[in-house]
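First the structure, in the form of C-alpha cells, and then the observations on it.
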Amino acid sequence: MNRYPLWKYLLLVVVIAAGCLYALPNLFGQDPALQITTAEGDPPGQQARARILGQLERADVPVRSAEVREGQYLLRLPGTDAQMRAADELEVALGRDYTVALNLAPATPDWLRGLGGQPMYLGLDLRGGVHFLMQVDMAAVLEQTVGRYSDEFRRALREADIRYRDVIEGERGVSLAFADAAARERALDSLRPDYPELEFEMVDPEDQGARPRLSAALTDDELSEVRNFAIQQNITTLRNRVNELGVAEPVIQRQGADRIVVQLPGVQDTARAKDIIGATATLEFRMVDSGNFPYQGGPDSTPPPGTELFPERGGGYALLEREIIITGDEITDASSGLDTQTGQPEVNIRLSGAGGNRMNRVTGEHVGDHMAVVFKETEIQARRLGDEVIREQVQVEEVINIARIQEQLGSQFRITGLDSSQEARNLALLLRAGSLAAPMQIIEERTIGPSLGQENIDQGFAAVLVGFVLVVLFMAVYYKVFGLIANVALLSNLVLIVAALSALQATLTLPGIAGIVLTVGMAVDANVLIFERIREELRAGSSAQQAIEAGYGKALSTIADANVTTLIAAVVLFAFGTGPVKGFAITLSIGILSSMFTAILGTRAVVNLIYGGRRGVRLAI
Numbered sequence: 116m117n118r119y120p121l122w123k124y125l126l127l128v129v130v131i132a133a134g135c136l137y138a139l140p141n142l143f144g145q146d147p148a149l150q151i152t153t154a155e156g157d158p159p160g161q162q163a164r165a166r167i168l169g170q171l172e173r174a175d176v177p178v179r180s181a182e183v184r185e186g187q188y189l190l191r192l193p194g195t196d197a198q199m200r201a202a203d204e205l206e207v208a209l210g211r212d213y214t215v216a217l218n219l220a221p222a223t224p225d226w227l228r229g230l231g232g233q234p235m236y237l238g239l240d241l242r243g244g245v246h247f248l249m250q251v252d253m254a255a256v257l258e259q260t261v262g263r264y265s266d267e268f269r270r271a272l273r274e275a276d277i278r279y280r281d282v283i284e285g286e287r288g289v290s291l292a293f294a295d296a297a298a299r300e301r302a303l304d305s306l307r308p309d310y311p312e313l314e315f316e317m318v319d320p321e322d323q324g325a326r327p328r329l330s331a332a333l334t335d336d337e338l339s340e341v342r343n344f345a346i347q348q349n350i351t352t353l354r355n356r357v358n359e360l361g362v363a364e365p366v367i368q369r370q371g372a373d374r375i376v377v378q379l380p381g382v383q384d385t386a387r388a389k390d391i392i393g394a395t396a397t398l399e400f401r402m403v404d405s406g407n408f409p410y411q412g413g414p415d416s417t418p419p420p421g422t423e424l425f426p427e428r429g430g431g432y433a434l435l436e437r438e439i440i441i442t443g444d445e446i447t448d449a450s451s452g453l454d455t456q457t458g459q460p461e462v463n464i465r466l467s468g469a470g471g472n473r474m475n476r477v478t479g480e481h482v483g484d485h486m487a488v489v490f491k492e493t494e495i496q497a498r499r500l501g502d503e504v505i506r507e508q509v510q511v512e513e514v515i516n517i518a519r520i521q522e523q524l525g526s527q528f529r530i531t532g533l534d535s536s537q538e539a540r541n542l543a544l545l546l547r548a549g550s551l552a553a554p555m556q557i558i559e560e561r562t563i564g565p566s567l568g569q570e571n572i573d574q575g576f577a578a579v580l581v582g583f584v585l586v587v588l589f590m591a592v593y594y595k596v597f598g599l600i601a602n603v604a605l606l607s608n609l610v611l612i613v614a615a616l617s618a619l620q621a622t623l624t625l626p627g628i629a630g631i632v633l634t635v636g637m638a639v640d641a642n643v644l645i646f647e648r649i650r651e652e653l654r655a656g657s658s659a660q661q662a663i664e665a666g667y668g669k670a671l672s673t674i675a676d677a678n679v680t681t682l683i684a685a686v687v688l689f690a691f692g693t694g695p696v697k698g699f700a701i702t703l704s705i706g707i708l709s710s711m712f713t714a715i716l717g718t719r720a721v722v723n724l725i726y727g728g729r730r731g732v733r734l735a736i
C-alpha cells in the first residue's frame, strides 16, 4: 500500500498554509502616499501635523488617512494625482525644515502585517521605486583640482624658501608671479619633478613693469582622468550609500559624460533614500582666522584676503582660513555615539594615513587655536511662482562645530555640537559611505507609481495566466484525475513562489515573470515524467499500487538531475549577472525548489490519499 506517514501530511499542510498566508499581502495592493519627516529625521509634532492637514484641506487635496508609523508621518492619498498635488503644496509650505517624499504604502491589514506578511517588491519596470538622474558639477571638479594645486604650490614654495608675488587660478591651471627670473627658475626646478601630470611654461610679460610668471596647466589626458575619476568615485560612493540602505537590486550607472542614473526598485522608505542618496554632502576641516574669533561681522562684510565667511548652525558667522586641512574623502570610518561626559551626540572619525599626517601636522602647529568643521550640501528647494511650483538647487554651507585644539590630533578624533542623535547617525553614514569627489545635483527625480508600469504588469500577468490555463487544460484532458492532481500542485507552486518572493522581500521584474512562466513548464515536466513512468509500469502488467511506487521512485533521479543542473545555471546567473538578470535567477531558483516540492511530495501525497488504501483499483491516467 502507498501511504505517507502523518508527519509528511502535516509538513505539506504547514508549507501550503504558510505559503497562502505570506502570499496574501499581494492581494491588497499599495496606496500612493507621502512620507514626512523633520530635518532631524523625526516625525512632525502634533501642531505641525495639524498644519499639514490644514494646508491640504485649503488646497482641496483629499487625504485617505494620516498616521505616524516607524518614526514617520504617513499620508495616504486616493490616487497619484492627489499625491503629486499634495507633494507640491507641502514642499512649498514646509520648506527645508521638513523632508517630503513620495512613496507607495502597502495596504496590508495590521493583523497580517503583525504576522510578518509583506507584499513582494516590484521593480521599476513594473511598479514602484525611485529614479534619480544626477549631474556631476564638472566645473566644481576642476575648481577643486586647481585649488588643491594652488595650495600645494604655496606650501611647497614656502618650504623651499622661494618667494613668490601672487598666485592666479585659471580654468585648468595655476599661474605664479615671481620677483625675478632666477626665482622662477628655482620654482620650476622644485615643482616639476613632483608634478609630472602638469605642463609647465615660463611666461615673460610684454610689459616691462610686469613680473615673470610660471604657469602650470593640466594636460588633456590628465584633465580627462580627473573628470572620469570624479564620476567613478561618485558612483562608488553612491553604491556604498545604497548598500547602507539595504536596497534590493539597485541600478547605479554612468549616463553620458557627466550624469549618473540611480534606480532603487521596490524601495519603501523613500524619505530615507532621498536623505542619503540625494545628499551631496561634503565635509571640510579649516582653521578659524585667529585674529577674528569670535567674528563680529555680518554676511555683507568683505572678508580679509585668504579667508572665507561661513554661517554657523547656531547663528552668527565664522571667518575661516581659505586653506582646507582635510576633506571628507580622507575619512575611512565614522560612527555615531554619545559623549560619555555630556551625553550629547557625537561622531567618531578615523582618517587615512595621508589625512592623519596632515591633521597631525596642522594641529601640532596650531595648539590653542580654533578649528572649524564645515558641512556643505546641495538641496532642492521648492517655491511657488504664480500657479506653478518650481524647484531649484541651493548650496547650503554652514559651520557645524568650532572647537579649540587642546592637543595635537592624529588619525582618530570626534565631532561634537550636533543637534540630535539622528543627525549624528545620518552624518556618520554619509561619511562612512564615502564623500563625493564632486558636487552633484539631482536634475530628475521620479517615484514610479502604479499607472506607469501597469501595462507591463497586465502583460506579465496575462502571460502567466495564458500559460497556466493552457497547461491546466492539457493536463486535465490528457492525464485525467492525475492531471487534475498535477494542476492542484501547479497552483500551489505559484502560491509558494509568490510567498517566497514576499518573505524574502525580493524584487519582481519582467524577467522575473519570465522565470515564473518557465517554472510553470518545468513543474509540469516533472509530473509528466512521473505519469508516463506510471503508464509504462501499468502496460508492463504491474498493479496500480506497484505502478505508483515505481513511477515516483524511478522518475525521481531524472527529475532531480534535470532540476539540479538548471539550479546550477540559475546560481551562476545570480552570481555574475546584474539587475534584471539577478531577478530572473532568483525567481527561477525559487521556482525550481518549489516545483520539486510540489511535484514529488505534493502530488504523491494526494495520489496516496485517493488510491493508496485501495486494492485492485483502476488508475485514471
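So the working numbering is basically just the index in the sequence shown, starting at one, shifted up by 115.
Every residue, glycine too, gets a C-beta built ideally from N, C-alpha and C.
Nothing here was measured: the structure is a model prediction, and the numbers come from that model.
Cβ contact annotation for Pro695 (same chain, cutoff 6 Å, sequence separation greater than five): Thr624, Pro626, in chain order. Asp404 and Val514 have their C-alpha atoms roughly 14 Å apart.
Assigned with DSSP and collapsed to three states, Met235 falls in coil, not helix or strand. Judged by beta-carbon spacing, Glu399 lies beyond the 8 Å limit of Val256, meaning their Cβ atoms are not closer than that value. For Arg561, the beta-bridge partners assigned by DSSP are His246.
Here Glu503 is exposed, its C-beta having fewer than 16 other C-beta atoms within 10 Å. Exclusion of the five residues before and after Val721 leaves Ile600 as the residues of its chain whose Cβ lies within less than 6 Å of its Cβ. Per the C-alpha coordinates, the member of Ala641, Phe689, Thr681 positioned closest to Lys669 is Ala641. Going by DSSP, Arg301 is part of no beta strand (DSSP E) but of the alpha helix (DSSP H) stretching over 296–306.
In this structure, the beta-carbon distance from Glu461 to Gly452 falls below 8 Å. In this structure, DSSP gives Pro626 a helical state, which the three-state scheme calls helix. The beta-carbon separation of Ser709 and Leu611, rounded to 4 Å, stays under the 8 Å limit for a contact. Each of Pro311, Asp319, Pro327 was checked against the Cα of Asp336, and the nearest Cα belongs to Pro311.
In this structure, DSSP gives Val178 a state outside helix and strand, which the three-state scheme calls coil. Beta-bridge partners assigned by DSSP to Glu423: Leu435. Residue burial annotation: Gln569 is exposed, with fewer than 16 other C-beta atoms found within 10 angstroms of its C-beta. By the criterion of at least three beta-carbon pairs nearer than 8 Å, the stretch 344–355 is not in contact with the stretch 298–316.
C-alpha of Thr442 to C-alpha of Leu466: approximately 10 Å in a straight line. About 6 Å separates the beta carbon of Gln250 from that of Asp373, a gap short enough to meet the 8 Å contact definition. For Thr397, the enclosing beta strand (DSSP E) starts and ends at 397–403. If you draw a straight line from the Cα of Gly630 to the Cα of Ile131, it comes to about 21 Å.
Phe344 carries a helical assignment under DSSP once its states are collapsed to helix, strand and coil.
Distances from the alpha-carbon of Val639 to those of Arg654, Glu664, Phe597, Ala614 put Phe597 closest.
Taking each of Ser535, Ala615, Ala297, Asp573 in turn and checking the Cα distance to Asp240, the smallest one comes out for Asp573. One alpha carbon belongs to Glu480, the other to Arg473, and they sit about 11 Å apart. Around the beta carbon of Glu182, fewer than 16 other beta carbons sit within 10 angstroms, so the residue counts as exposed.
The shortest C-alpha to C-alpha distance from Gly458 to any of Thr713, Glu258, Leu533 is the one to Leu533. Closest by C-alpha distance to Ile707, out of Gly698, Val635, Arg270, is Val635. The straight-line gap separating the alpha-carbon atoms of Ser607 and Ile464 is approximately 53 Å. Taking Val282 as the centre and dropping the five residues before and after it, the same chain places the C-beta of Ser265, Phe268, Arg269, Val289, Leu291 closer than 7 Å to its C-beta, in chain order.
Under a 10 Å Cβ-count criterion, Phe576 is classified as exposed, with fewer than 16 other Cβ atoms of the shown protein chains found around its own Cβ.
Look at Asn571 here: in three-state DSSP terms it is helix. Within the same chain, and ignoring the five residues on either side of Pro193 in sequence, the residues whose Cβ sits closer than 6 Å to its Cβ are Pro177, Arg179. Asn141: not part of any alpha helix (DSSP H); DSSP gives it neither H nor E. Inter-residue distance for Ile663 and Leu125 is about 22 Å (C-alpha atoms, whole angstroms). With a threshold of 16 other beta carbon atoms within 10 Å, Gly430 falls short and is exposed.
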